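In this note's numbering, the protein residues as written are 85 to 440. Glycine included, each C-beta is placed from N, C-alpha and C at the ideal position. Quick caveat, the model's predicted, so the values are computed rather than measured.
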Ligand code: ADP
Ligand code: MG
């Protein structure tokens with residue numbers, strides 16, 4: 085369906101895309117991953133001509149969309165795009181936002197566009213928000229409306245550029261669930277994402293972009309399980325970090341719990357290890373080392389591919405090593421760490437645990 089040959093694009097003499105080549109079949113769901121600044125957004129923007137490439141070819145069903153006479157408008161109607169920022173019209177209700185394109189560009193009647201908009205709202209789980217205004221919605225809800233609005237144009241291809249990266253971590257999964265449902269509907273999709281679980285579980289192929297090219301591509305099991313090239317390996321094995329400033333304020337435990345659960349889900353931490361980690365965190369802040377007013381900087385590092393997982397509690401006031409305490413709390417904590425941790429070190433007012 086889409087054939088990309090030797091695509092190149094520079095900005096002010098700096099090459100961003102050097103030689104991008106790819107074939108995409110109808111119905112494929114491609115995840116595009118890679119470090120930031122490697123041209124993932126530029127690549128998507130070239131595909132729907134928001135950006136004009138310097139060289140190469142993009143053929144859609146055999147038709148070169150970079151040719152001088154190419155019908156860019158017709159192309160844009162076949163291809164929808166969902167951005168990181170939702171770009172809804174704030175003065176229009178949810179249903180009006182979705183109806184706008186079909187009425188103005190596809191010349192659908194308001195009645196037909198309204199019926200279709202309600203179907204799409206049902207699909208994204210927001211039927212009851214039809215008459216709400218964007219300002220009344222959460223980030224996750226706005227992005228689901230933006231997806232419904234894109235689908236209202238009946239695109240054959242949908243491009244997603246980091247659709248969840250502007251969202252609060254607790255709202256990521258509701259948006260990914262909608263995209264996942266779409267993926268199984270047969271629509272062709274290219275999704276630039278940092279959500280590795282999504283890339284692994286939902287896509288038919290993964291493109292790893294680096295150095296201005298598709299540096300490695302393959303089935304998710306291959307890219308995540310046995311990446312062949314050095315930079316892909318380094319990227320897949322890199323640490324993902326969760327940070328939280330924790331204080332004795334009562335709402336902090338709840339917020340930490342919600343955000344950390346979302347992080348753990350996104351980064352494939354297995355449920356039993358999540359449970360172990362939660363036990364260790366709980367033991368630390370509720371018994372052995374409760375937070376002072378100054379608070380604790382909590383950091384969790386994990387590497388999805390290797391399963392490495394560590395936890396650090398850095399106190400902003402002096403602490404005593406809970407492992408050298410000789411009371412009941414100390415004993416319980418020692419037992420717990422012996423059972424669940426590879427290593428446990430206390431130094432510089434921080435305690436650092438590497439989990440088994
Ligand atoms: P990614 O999406 O992988 O993070 P981008 O495609 O956004 O990467 O950007 C790649 C590089 O191109 C970056 O160095 C960025 O600063 C540069 N770039 C992107 N768009 C423009 C633009 N319109 N003008 C100048 N430089 C740009
Ligand atoms: Mg980008």
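**Asked** Considering only C-alpha positions, which residue in the set 326, 157 and 162 is nearest to residue 394?
**Response** Sequence index remark: in the chain shown, residue 394 carries index 310 (1-based). Ranking 326, 157 and 162 by CA distance to the CA of residue 394 puts 326 first.
**Asked** If you count every other CB in all the chains shown that lies within 10 Å of the CB of residue 267, and 16 or more means buried, which is it?
**Response** As a position in the chain shown, residue 267 is number 183, starting the count at 1. Its Cβ being crowded by 16 or more others within 10 Å, residue 267 is buried.
**Message:** Give me, in chain order, the residues of the same chain whose beta-carbon lies closer than 8 Å to that of residue 279; leave out the 5 immediate sequence neighbours on both sides.
**Reply:** The residue you call residue 279 lines up with position 195 of the chain shown. Excluding positions up to five away in sequence, the list reads 248, 256, 260 and 350.
**Message:** Please report the distance separating the alpha-carbon of residue 34 from that of residue 250.
**Reply:** The structure shown does not extend to residue 34, since the chain spans only 85 to 440, so no value can be given for it.
**Prompt:** Nearest to residue 200 by alpha carbon, out of 209, 215, 220 and 179?
**Reply:** Within the chain shown, numbered from 1, the residue matching residue 200 stands at position 116. Ranking 209, 215, 220 and 179 by Cα distance to residue 200 puts 179 first.
**Asked** According to the Cβ coordinates, are residue 150 and residue 218 closer than 7 Å?
**Response** Working through the chain shown from its first residue, we reach residue 150 at position 66. Working through the chain shown from its first residue, we reach residue 218 at position 134. Cβ atoms of residue 150 and residue 218: not closer than 7 Å.
**Unbroken alpha helix (DSSP H) run spanning residue 171, endpoints** = Position 87 of the chain shown, counting from 1, holds the residue named residue 171. Per DSSP, residue 171 lies in no alpha helix (DSSP H) segment and is marked neither H nor E.
**Request:** Could you spell out where the alpha helix (DSSP H) holding residue 360 opens and where it closes?
**Result:** For this step, residue 360 is matched to residue 276 along the chain shown. In the DSSP assignment, residue 360 falls within the alpha helix (DSSP H) that extends over 355 to 367.
**Prompt:** If we ignore side chains and look at the alpha-carbon of each, how far apart do residue 98 and residue 295 end up?
**Reply:** Residue 98 sits at position 14 when you count from the first residue of the chain shown. Residue 295 sits at position 211 when you count from the first residue of the chain shown. In a straight line, the C-alpha of residue 98 is about 12 Å away from that of residue 295.
**Request:** Just the C-alpha distance for residue 145 and residue 352, rounded to the nearest angstrom, thanks.
**Result:** By 1-based counting over the chain shown, the position of residue 145 is 61. By 1-based counting over the chain shown, the position of residue 352 is 268. About 37 Å.
**Message:** Comparing C-alpha positions only, which one of 237, 390 and 421 sits nearest to residue 408?
**Reply:** The residue given as residue 408 occupies position 324 in the chain shown. With distances taken between Cα atoms, residue 408 lies closest to 421.
**Message:** My output table needs one value for residue 223: the three-state DSSP class, helix, strand or coil.
**Reply:** Translated into the one-based positions of the chain shown, residue 223 becomes position 139. Helix.
**Distance, residue 102 Cα to residue 140 Cα** = In the chain shown, the residue the question calls residue 140 occupies position 56. In the chain shown, the residue the question calls residue 102 occupies position 18. Here the alpha carbon of residue 140 sits roughly 10 Å from the alpha carbon of residue 102.
**Item:** Closer than 6 Å: residue 401 CB and nearest the ligand MG heavy atom
**Value:** On the chain shown, position 317 is the one that residue 401 refers to. Taking non-hydrogen atoms of the ligand MG into account, the C-beta of residue 401 is found less than 6 Å away from none of them.
**Prompt:** Are the beta-carbon atoms of residue 85 and residue 132 separated by less than 7 Å?
**Reply:** Against the chain shown, residue 85 aligns to sequence position 1. Against the chain shown, residue 132 aligns to sequence position 48. When the beta-carbon positions are compared, residue 85 and residue 132 stay at least 7 Å from each other.
**Prompt:** Taking residue 221 as the reference, which of 170, 314 and 242 has the closest Cα?
**Reply:** In the chain shown, counting from the first residue as 1, residue 221 sits at position 137. Of the candidates 170, 314 and 242, 170 places its Cα closest to the Cα of residue 221.
**Prompt:** Expressed to the nearest angstrom, what Euclidean distance is found between the alpha-carbon atoms of residue 340 and residue 288?
**Reply:** The residue labelled residue 340 in the question sits at position 256 within the chain shown. The residue labelled residue 288 in the question sits at position 204 within the chain shown. Rounded to whole angstroms, the gap between the alpha carbons of residue 340 and residue 288 is 33 Å.
**Request:** Return the chain-ordered ranges of every beta strand (DSSP E) run that is complete within the segment 87 to 161 and spans a minimum of 3 residues.
**Result:** Listed in chain order, the complete beta strand (DSSP E) runs (minimum 3 residues) inside the segment 87 to 161 are 98 to 108, 113 to 117 and 139 to 144.
**Asked** For residue 363, is the classification buried or exposed, using 16 other Cβ atoms within 10 angstroms of its Cβ as the cut-off for buried?
**Response** In the chain shown, counting from the first residue as 1, residue 363 sits at position 279. For residue 363, the number of other beta carbons within 10 angstroms of its own is below 16, and it is reported as exposed.
**Asked** Alpha carbon to alpha carbon, what distance is there between residue 277 and residue 120?
**Response** In the chain shown, residue 120 corresponds to position 36, counting from 1. In the chain shown, residue 277 corresponds to position 193, counting from 1. Roughly 11 Å between the two C-alpha positions.
**Message:** Taking its Cβ as the centre, do 16 or more other Cβ atoms sit within 10 Å of residue 386, making it buried, or is it exposed?
**Reply:** By 1-based counting over the chain shown, the position of residue 386 is 302. Its Cβ being crowded by 16 or more others within 10 Å, residue 386 is buried.
**Request:** Taking only beta-carbon positions, decide if residue 407 is within less than 7 Å of chain B.
**Result:** No chain B appears in this structure, which consists of one protein chain only.
**Message:** Quick check: does the Cβ of residue 100 come within less than 6 Å of any heavy atom belonging to the ligand ADP?
**Reply:** Position 16 of the chain shown holds residue 100. Yes.
**Asked** Just checking my contact of residue 372 with residue 417 at CB under 8 Å: how many whole Å lie between their CB atoms?
**Response** Counting from 1 along the chain shown, the entry for residue 372 is found at position 288. Counting from 1 along the chain shown, the entry for residue 417 is found at position 333. About 5 Å separates the two Cβ atoms, so the contact holds.
**Message:** With distance defined between alpha-carbon atoms, name the residue in 182, 189 and 184 nearest to residue 157.
**Reply:** For the purposes of this step, residue 157 is identified with residue 73 of the chain shown, where counting begins at 1. Of all alpha-carbon atoms in 182, 189 and 184, the one lying nearest the alpha-carbon of residue 157 is that of 189.
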